[in-house]
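Residue numbers (the working numbering): 194 to 473.
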C-alpha cells in the first residue's frame, strides 16, 4: 500500500507498506522532485540513505543502519556505509552535562554541511567530520602523550583518548562506560574517582568554538571541572537514536565537588571517514 503526502514546503513524502506490515519504505523528494532521503524498515533494522541530489558533495550517497530495540533494550548503532563501501560503526565517547540543565547536547553529524567539528577517529592522521557535543557540555578524555603512552601532552587528538571501549582487551565491549569500568576502575567500585590509579590523567574537554580541536582554555582536569566521581553503571534511561546514526545508549550521573549530581551519557557518535573526501 502506497500513500503520498505533499508537505508545506512543496516537498513530497511517499510511504510504502507491504500487506503484512513487516516492511516499510519511505522516500523524501524536494520541491524539484529530486530524491533527498529514503529509509527502509524491515526486521527491526532501520536503514536510512541520504543522496547528493545537487552534486554539491564529495559523495553520492551514504547509508546508516540502526537496530530498533525491544522494549527496555539498549539502542544499537549498527553501521554507516559510504558510496565506496567504507563502513564504520561510529565511536563511543562519554558526554557530560557541564551546564547542569539535565540534558546532553549531542549534535548529530550533518552530511550536507560544508563545515563543522572534525576529529581523527580512525587514526589516519586526518580529522573526520563527526557528530559532536555542544559548547556548554563536555566530553570525558584521558590526556596521553603524543605516542599514545601515559603522559599528558595537553592535546586530545587520538581516538583512544576519547573512546574507552577500545582499551578493553579482547574487544567485545558494549560501550565506553563498560570500557572505563573494566580498565580504569582499579578499585572495582563501579565509579571513576580519585581512588583509581589513573584519575589524574583524566580530563574534561569543553569545545567552546566547536572545531574538534583542543584550543587554549578548553581542557580541564576533573577537579577544575568540579567533578568528584563518575558513576560507571548506566541505565537505559534517556536512550535516544538520532537521524545520523548517533545514539545515546544510556545515562548515569556524576557527583560534583559541591555534592550535586549531573547527567552523564554513554554515546556513539557517527562520523564520516576522511578517506572519503576523494570520492566523486
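C-beta: ideal position from N, C-alpha, C; glycine also.
* So what's residue 432 in DSSP terms, helix, strand or just coil? -> Taking the first residue of the chain shown as position 1, residue 432 is located at position 239. The answer is coil: DSSP assigns residue 432 none of H, G, I, E or B.
* residue 376, DSSP secondary structure in three states -> Position 183 of the chain shown, counted from the start, is the residue given in the question as residue 376. Looking at residue 376 - three-state DSSP - the assignment turns out to be helix.
* Asked: For the beta strand (DSSP E) that contains residue 233, what are its first and last residues?
  -> For the purposes of this step, residue 233 is identified with residue 40 of the chain shown, where counting begins at 1. Its beta strand (DSSP E) spans residues 228 to 235.
* Report the rounded CA-to-CA distance for residue 209 versus residue 333, giving the unit in angstroms. => Here residue 209 refers to the residue found at position 16 of the chain shown. Here residue 333 refers to the residue found at position 140 of the chain shown. Cα to Cα, residue 209 sits roughly 43 Å from residue 333.
* For residue 398, which of helix, strand or coil comes out of DSSP? -> Stepping through the chain shown from its first residue, residue 398 is reached at position 205. In the structure shown, residue 398 sits in a strand (DSSP, three-state: E or B).
* Give the C-beta separation of residue 331 and residue 289 to the nearest angstrom, bearing in mind that I take them to be a contact with Cβ-Cβ under 8 Å. => Counted from its first residue, the chain shown places residue 331 at position 138. Counted from its first residue, the chain shown places residue 289 at position 96. Yes, residue 331 and residue 289 are in contact; Cβ-Cβ is about 4 Å, under 8 Å.
* Per DSSP, residue 459 is paired with what? -> Counting from one through the chain shown, the residue named residue 459 turns up at place 266. 287, 443, per the DSSP bridge assignment.
* To do: Take residue 314 as the anchor and find which of 329, 359, 295 has the nearest alpha-carbon.
  => Locating residue 314 in the chain shown gives position 121, where the first residue counts as 1. In terms of Cα proximity to residue 314, the closest of 329, 359, 295 is 359.
* To do: Report back the beta-carbon spacing between residue 414 and residue 439 to the nearest angstrom; my notes put them in contact at under 8 Å.
  => Locating residue 414 in the chain shown gives position 221, counting from the first residue. Locating residue 439 in the chain shown gives position 246, counting from the first residue. Cβ atoms of residue 414 and residue 439 stay farther apart than 8 Å, at about 27 Å.
* **Whole-angstrom distance between residue 376 and residue 263, CA atom to CA atom** => As a first step, residue 263 must be located in the chain shown, where it is residue number 70. As a first step, residue 376 must be located in the chain shown, where it is residue number 183. Only weak support is given to the placement of residue 263: the predicted model assigns it a pLDDT of 49, under 50, and the value that follows is read from those uncertain coordinates. Between residue 263 and residue 376, the C-alpha separation is close to 30 Å.
* Asked: Applying the criterion that 16 or more other CB atoms from any shown protein chain within 10 Å of the CB defines a buried residue, is residue 194 buried or exposed?
  -> For this step, residue 194 is matched to residue 1 along the chain shown. When all chains shown are included, residue 194 counts as exposed.
* To do: Please name the residue, chosen from 379, 445, 454, 436, that lies closest to residue 300 on a Cα-to-Cα basis.
  => Reading the chain shown from its first residue, position 107 is the one you call residue 300. Taking only the C-alpha atoms, the option nearest residue 300 is 436.
* Asked: With distances taken from CA atoms, which of 219, 349, 446 is nearest residue 395?
  -> Position 202 of the chain shown, counted from the start, is the residue given in the question as residue 395. Nearest option by C-alpha distance: 349.
* Let me know if residue 373 comes out buried or exposed under the rule of 16 or more other beta-carbons within 10 Å of its beta-carbon. => Position 180 of the chain shown holds residue 373. Label assigned to residue 373: buried.
* **Check whether residue 464 and residue 357 have beta carbons under 9 Å apart** => Indexing the chain shown from 1 puts residue 464 at position 271. Indexing the chain shown from 1 puts residue 357 at position 164. No, Cβ-Cβ distance for residue 464 and residue 357 is not below 9 Å.
* Candidates 411, 338, 216: which alpha carbon is nearest residue 232's? -> On the chain shown, residue 232 is found 39 positions in, with the first residue counted as 1. Among 411, 338, 216, the Cα nearest to that of residue 232 is on 216.
* **Euclidean distance between Cα positions of residue 379 and residue 392** => Stepping through the chain shown from its first residue, residue 379 is reached at position 186. Stepping through the chain shown from its first residue, residue 392 is reached at position 199. For residue 379 and residue 392, the distance between alpha carbons rounds to 10 Å.
* Burial state of residue 203 (16 or more Cβ within 10 Å) -> The count along the chain shown starts at 1 and reaches residue 203 at position 10. Taking all protein chains in view, the Cβ of residue 203 is surrounded by fewer than 16 other Cβ atoms within 10 Å, so the residue is classified as exposed.
* To the nearest angstrom, how far is it from the Cα of residue 400 to the Cα of residue 388? -> One-based indexing of the chain shown puts residue 400 at position 207. One-based indexing of the chain shown puts residue 388 at position 195. Rounded to whole angstroms, the gap between the alpha carbons of residue 400 and residue 388 is 28 Å.
* Could you tell me which of 212, 214, 219, 211 sits nearest to residue 205, measuring between CA atoms? => The residue labelled residue 205 in the question sits at position 12 within the chain shown. Residue 205 has its Cα closest to that of 219, out of 212, 214, 219, 211.
* Asked: Is the beta carbon of residue 449 sitting closer than 9 Å to the one on residue 419?
  -> Indexing the chain shown from 1 puts residue 449 at position 256. Indexing the chain shown from 1 puts residue 419 at position 226. Contact flag set, yes.
* **7 Å Cβ shell around residue 446 - same chain, five flanking residues per side excluded** => Position 253 of the chain shown holds residue 446. If we look at residue 446 and ignore the five residues flanking it on each side, its Cβ neighbours are 424, 454, 455, 456, 457.
* Where does residue 303 fall in DSSP's three states? -> Here residue 303 is taken as the residue at index 110 of the chain shown, counted from 1. Under the three-state reduction of DSSP output, residue 303 falls in the coil class, being neither helix nor strand.
* **For residue 294 and residue 434, the rounded distance between their alpha carbons** => Position 241 of the chain shown holds residue 434. Position 101 of the chain shown holds residue 294. Rounded to whole angstroms, residue 434 to residue 294 spans 20 Å at the Cα level.
* Expressed to the nearest angstrom, what Euclidean distance is found between the alpha-carbon atoms of residue 236 and residue 213? -> Residue 236 sits at position 43 when you count from the first residue of the chain shown. Residue 213 sits at position 20 when you count from the first residue of the chain shown. Going by the C-alpha atoms only, they are around 12 Å apart.
* Asked: In whole angstroms, what is the alpha-carbon distance linking residue 270 and residue 310?
  -> Residue mapping note: residue 270 aligns to position 77 of the chain shown, counting from 1. Residue mapping note: residue 310 aligns to position 117 of the chain shown, counting from 1. Summary for residue 270: the model assigns pLDDT 48, below 50, so the residue's position carries little reliability, and this model does not support an answer.
* Asked: To the nearest whole angstrom, what separates the beta carbons of residue 355 and residue 286, a pair I think is in contact under 8 Å?
  -> Reading the chain shown from its first residue, position 162 is the one you call residue 355. Reading the chain shown from its first residue, position 93 is the one you call residue 286. At roughly 5 Å, the Cβ-Cβ gap stays under 8 Å, so residue 355 and residue 286 are in contact.
* Asked: Is the beta carbon of residue 467 sitting closer than 9 Å to the one on residue 320?
  -> Position 274 of the chain shown, counted from the first residue, corresponds to residue 467. Position 127 of the chain shown, counted from the first residue, corresponds to residue 320. Result yes, Cβ atoms of residue 467 and residue 320 sit closer than 9 Å.
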